[in-house]
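Structure record follows, encoded as structure tokens.
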Amino acid sequence: MLQHKTSPLKEILRYAAILVVLLFFFFPIFWMLLTSFKPEAAIMVSPPRFFFTPTLENYQHALFDKGFLFYVRNTLIISVISTAIVIVVGSLAAYSFARYNVGDGHVLFFILSTKMMPAIAVILPYFLIFRDIGRTGFGKFMHLGLDQHGALIVSYVMFNLPFAIWLLVSFFQDIPRELEQSARMDGLSRLKVLRKVTLPLAAPGIAVTTVFTLIFCWNEFLFAYILTRKFASTVTVGVESFFTLQGILWGPVAAAATISVAPMLLFVLLMQRYMVRGLTFGAVRG
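Here you go:
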């Protein structure tokens, strides 16, 4: 077979385009990381300095003076619980839509259409609902009032569940029904087929959905800003707290943003292999 050789000029242009795209995405992160180690006097100078004496005072101010680890703890609790609920409920709902054709597709479209609604359109009803529920005994017991973890968990579940169901339906539909029918003929119940056959095969898709959901919960700002004051505030609200009436504390802002980005960046890197498998899951169906 003849092999078509790529010209050197095309190779150079391709790598140059890749370099431009990488710079576009990663330079802000690099500059944020660089700023987090700059002393205050070196942050706002013009032209910007790439060489300076690094300092940890911005991290000290963010972690100890502002107590930023408190926001990280809140975000971890809220994000993990919200994601777990979304994946469990979303997997069961998506499997039902994929196998039983519930509502002939109309119900699935209605569920997905709720994701199209901007969050700002429902933030006031959410605020009023959680304010009133928080005054009841049930609301206090379940931590569903304003500035409570439960309020954010419910909000995040409601906004992420439609997308998770829609995404997971496609993964379940790509699993051949014949595999489930064979397991049923071997004597497995419908629940055992789901647990031992279908869910393991859909694991790459579930991993992708988990990553997307967790990232949204971790980075969400509007609900966290409106529904919390201090006790249940998340990292995004914590970063915003460095924007004061006296001015913006750019060094601590960069340090806090770096701390908030690091866990999700590490999580995505660890899940990268599963994400690639999940995103290509439907493409290899024969």
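Take any residue in the sequence shown, note its place counting from 1, add 67, and you have its number in our numbering. Beta carbons are placed, not taken as given, at the ideal position from N, Cα and C, and that holds for glycine. Since this is a predicted model, take the numbers as computed values, not measurements.
Q) Taking the Cβ atom as the reference point for each residue, do residue 229 and residue 179 lie within a distance shorter than 8 Å? A) Stepping through the sequence shown from its first residue, residue 229 is reached at position 162. Stepping through the sequence shown from its first residue, residue 179 is reached at position 112. Contact flag set, yes.
Q. Hey, would you say residue 151 sits closer than 8 Å to residue 232, going by beta carbons?
A. For the purposes of this step, residue 151 is identified with residue 84 of the sequence shown, where counting begins at 1. For the purposes of this step, residue 232 is identified with residue 165 of the sequence shown, where counting begins at 1. No.
Q | With 16 other Cβ atoms within 10 Å as the buried cut-off, status of residue 118 | A | The residue labelled residue 118 in the question sits at position 51 within the sequence shown. Exposed, by the Cβ-count rule.
Q: With distances taken Cα to Cα, identify the nearest neighbour of residue 316 among 129, 281, 268, 116.
A: Here residue 316 refers to the residue found at position 249 when the sequence shown is read from its first residue. The shortest C-alpha separation from residue 316 is found at 129.
Q: Just mark residue 87 as buried or exposed, buried being the case when its beta carbon has 16 or more other beta carbons within 10 Å.
A: Numbered from 1 along the sequence shown, position 20 holds the residue referred to as residue 87. By the 10 Å Cβ count, residue 87 comes out exposed.
Q. Would you say residue 172 and residue 276 are within 8 Å of each other, going by their C-beta atoms?
A. For the purposes of this step, residue 172 is taken as residue 105 along the sequence shown, with counting starting at 1. For the purposes of this step, residue 276 is taken as residue 209 along the sequence shown, with counting starting at 1. It is not a contact, given that the beta carbons lie outside the stated cut-off.
Q: May I ask which residues mark the beginning and end of the alpha helix (DSSP H) holding residue 140?
A: Along the sequence shown, read from residue 1 onward, the residue named residue 140 stands at position 73. According to the DSSP assignment, residue 140 belongs to the alpha helix (DSSP H) that extends over 135 to 167.
Q.
Does residue 215 pass the burial test, meaning 16 or more other C-beta atoms within 10 Å, or should it be called exposed?
A. For the purposes of this step, residue 215 is taken as residue 148 along the sequence shown, with counting starting at 1. The residue is buried, with at least 16 neighbouring Cβ atoms inside 10 Å.
Q) I think residue 308 touches residue 77, with their Cβ atoms under 8 Å apart; what is that distance to the nearest whole Å? A) Indexing the sequence shown from 1 puts residue 308 at position 241. Indexing the sequence shown from 1 puts residue 77 at position 10. About 50 Å separates the two Cβ atoms, so there is no contact after all.
Q) Where do the N-terminal and C-terminal ends of the alpha helix (DSSP H) with residue 80 fall, by residue? A) Mapped onto the sequence shown, residue 80 falls at position 13. Taken as a continuous stretch (DSSP letters only), the alpha helix (DSSP H) holding residue 80 covers 75 to 103.
Q.
Using C-beta distances below 7 Å, list every residue in its chain close to residue 137, excluding the 5 sequence neighbours before and after it, in chain order.
A. Here residue 137 is taken as the residue at index 70 of the sequence shown, counted from 1. For residue 137, where only same-chain residues beyond five positions count, there are no Cβ hits under 7 Å.
Q.
Checking 8 Å against the spacing of the C-beta atoms, do residue 165 and residue 240 come in under that value?
A. In the sequence shown, residue 165 corresponds to position 98, counting from 1. In the sequence shown, residue 240 corresponds to position 173, counting from 1. Cβ atoms of residue 165 and residue 240: closer than 8 Å.
(Q) DSSP three-state label for residue 311, please. (A) Start at 1 with the first residue of the sequence shown, and residue 311 comes out as number 244. Under the three-state reduction of DSSP, residue 311 is assigned to strand.
Q. Using DSSP with H/G/I as helix, E/B as strand and the rest coil, what is residue 288?
A. The residue you call residue 288 lines up with position 221 of the sequence shown. Three-state DSSP puts residue 288 in coil, outside helix and strand.
Q) How long is the line joining the alpha carbons of residue 198 and residue 177, rounded to whole angstroms? A) For the purposes of this step, residue 198 is identified with residue 131 of the sequence shown, where counting begins at 1. For the purposes of this step, residue 177 is identified with residue 110 of the sequence shown, where counting begins at 1. Straight-line Cα distance between these residues: approximately 28 Å.
Q: Given a cut-off of 8 Å, decide if residue 219 and residue 145 are closer than it, judged by their beta-carbon atoms.
A: Residue 145 sits at position 78 when you count from the first residue of the sequence shown. Residue 219 sits at position 152 when you count from the first residue of the sequence shown. Contact flag set, yes.
Q) Who are the Cβ neighbours of residue 352 in its own chain at under 7 Å, not counting the five residues just before and after it? A) Within the sequence shown, residue 352 is the residue found at index 285, counting from 1. Here the model assigns residue 352 a pLDDT of 47, short of 50, so the residue's position is not dependable, and the following value carries that caveat. Closer than 7 Å at Cβ, skipping near neighbours: 241.
Q: Helix, strand or coil for residue 209, going by three-state DSSP, please let me know.
A: The residue given as residue 209 occupies position 142 in the sequence shown. Residue 209 falls in the helix class under three-state DSSP.
**Q.** 4 or more residues per run - each alpha helix (DSSP H) lying fully within the region 170 to 233
**A.** 173 to 180, 190 to 200, 204 to 209
Q. What three-state label does DSSP hand residue 293 in the structure shown?
A. Indexing the sequence shown from 1 puts residue 293 at position 226. Taken through DSSP and simplified to helix, strand or coil, residue 293 comes out as helix.
(Q) Please return the same chain residues whose Cβ sits closer than 7 Å to the Cβ of residue 148, not counting the five positions on each side in sequence. (A) As a first step, residue 148 must be located in the sequence shown, where it is residue number 81. Answer for residue 148: 220, listed in chain order.
Q: Output the distance between the C-alpha atoms of residue 127 and residue 306, rounded to the nearest integer angstrom.
A: Within the sequence shown, numbered from 1, the residue matching residue 127 stands at position 60. Within the sequence shown, numbered from 1, the residue matching residue 306 stands at position 239. The alpha-carbon atoms of residue 127 and residue 306 are separated by roughly 14 Å.
Q: Keeping to the same chain, check which residues put their C-beta closer than 7 Å to that of residue 109; ignore five residues upstream and five downstream.
A: As a working note, residue 109 is residue 42 in the sequence shown. Once the five neighbours on either side are set aside, the close Cβ partners of residue 109 are 116, 119.
Q) Just the Cα atoms here: how many angstroms apart are residue 350 and residue 283? A) Here the question's residue 350 lines up with position 283 in the sequence shown. Here the question's residue 283 lines up with position 216 in the sequence shown. Any reading at residue 350 must be qualified, since the residue scores a pLDDT of 49, below 50, and its modelled position is unreliable; the value itself is stated next. Each residue's alpha carbon lies about 26 Å from the other.
**Q.** Beta-carbon spacing of residue 186, residue 226 below 8 Å
**A.** Indexing the sequence shown from 1 puts residue 186 at position 119. Indexing the sequence shown from 1 puts residue 226 at position 159. Contact: yes.
Q.
I need the DSSP call for residue 106, collapsed to helix, strand or coil.
A. Here residue 106 is taken as the residue at index 39 of the sequence shown, counted from 1. If DSSP states are grouped into helix, strand and coil, residue 106 belongs with coil.
**Q.** Residue range of the unbroken alpha helix (DSSP H) whose run includes residue 265
**A.** In the sequence shown, residue 265 corresponds to position 198, counting from 1. That residue, residue 265, is in no alpha helix (DSSP H); it is neither H nor E in DSSP.
Q) Which of helix, strand or coil does DSSP assign to residue 117? A) By one-based count along the sequence shown, residue 117 stands at place 50. If DSSP states are grouped into helix, strand and coil, residue 117 belongs with coil.
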